[in-house]
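Accompanying notes for the structure given below.
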Amino acid sequence: MSDFDRSPDGLVFSPAVQNAQRRLGSRRVYEAVEWPIDISDDLERFITEQRSVFLATASADGQPYIQHRGGPPGFLHVLDSRTIGMADVRGNRQYVTLGNLSENDRVQLFLIDYAQAKRVKIWGRGRMVEDDSDLIARLTPEGGRARADRALLVAVEAWDMNCPQYIPHRLEAEDVTAAFAERDARIAELEHEVAILQHRVSVRDACGDDLW
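Just add 2 to the spot in the sequence shown (first one is 1) and you have our numbering.
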């Protein structure tokens with residue numbers, strides 16, 4: 003990958019944005035910031051734990067489009083330190099993302115973990131791969147009904163972990179179900195122990211023996 007300006011100014015903060023920052027007093031905070039490219043170990047763990055992602059693309063004339071993608075943890079794959087991949091599973095057949103990428107390869111991934119109050123923005127270049135059946139099979143989630151005809155690869159240009167402020171606290175239904183199941187199992191275990199103790203007490207009272 004060739005070198006490029008991966009500062010906020012090079013990727014996101016256009017001259018108009020910079021002018022707004024100066025006018026509103028935040029320019030000094032951002033003018034010396036540089037975002038990383040390589041996916042760290044912590045970011046890789048975060049990515050592979052997610053169950054959903056928002057994928058932003060735009061047409062050649064700049065019309066934006068945001069699509070939600072979801073799947074079991076691991077449906078997003080970190081293929082190497084600068085590449086993320088996922089299966090392009092069949093959906094409503096509008097093919098907006100597919101069409102946008104054919105004329106404008108700029109993409110952004112927005113990942114948010116409501117339970118941990120974390121969110122990550124990833125900028126990159128996206129392309130669809132249709133002629134690599136092994137890659138498509140590798141990226142397609144197992145054990146579900148999802149079918150994929152192509153794979154989406156994102157070459158990462160920069161990423162940033164946002165401030166957690168204002169992220170609402172929400173839990174995944176599967177996590178809540180598992181927590182309740184664990185609680186109920188513990189309650190059943192304690193009730194069994196109580197029943198044993200009550201039985202011992204009743205036998206001791208009836209026989210006058212010290213069973214302890």
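Quick reminder that beta carbons are idealized off the backbone N, C-alpha and C, glycines included.
Predicted model, so just to flag it, every value in this text is computed and none were measured.
Of the listed residues the options, nearest to residue i (C-alpha basis)
i	options	result
A157	P170, G12, L81, A180	L81
I138	G128, Q65, R127, A150	A150
L155	D134, P166, C165	D134
Close-in-space but distant-in-sequence residues of the same chain around residue i (CB under 8 Å, 5 per side omitted)
i	result
S4	Legend: pLDDT at S4 = 46, less than 50; position of this residue unreliable, no value from coordinates given.
A148	G73, A89, V91, R92, T142
6 Å CB neighbourhood of residue i in its chain, flanking five on each side removed
i	result
G73	P143
A181	none
Per-residue DSSP class, three states only, for residue i
i	result
G72	strand
R25	helix
P143	coil
F77	coil
L159	In the sequence under discussion, the amino acid at residue 159 is Glu, which differs from the Leu named in the question. Looking at E159 - three-state DSSP - the assignment turns out to be strand.
V14	coil
D115	strand
D226	The question about residue 226 has no answer here: the residues shown for the chain are numbered 3 through 214.
G101	helix
A60	strand
L45	helix
W214	Low confidence applies to W214: its pLDDT is 49, below 50, so where it sits in the model is not reliable, and the reading given next is rough at best. W214 falls in the coil class under three-state DSSP.
Cβ pair residue i, residue j closer than 8 Å
i	j	result
A117	R172	yes
I68	F56	yes
R129	D107	yes
Cβ-based neighbour list, residue i, same chain, cut-off 7 Å, excluding 5 preceding and 5 following
i	result
W214	The pLDDT assigned to W214 is 49, lower than 50, so where the model puts this residue is not dependable, and the model offers no usable value.
C-alpha gap between residue i and residue j, whole angstroms
i	j	result
G1	E36	This structure gives no information on residue 1, because the portion of the chain shown stretches from 3 to 214.
V122	L111	8 Å
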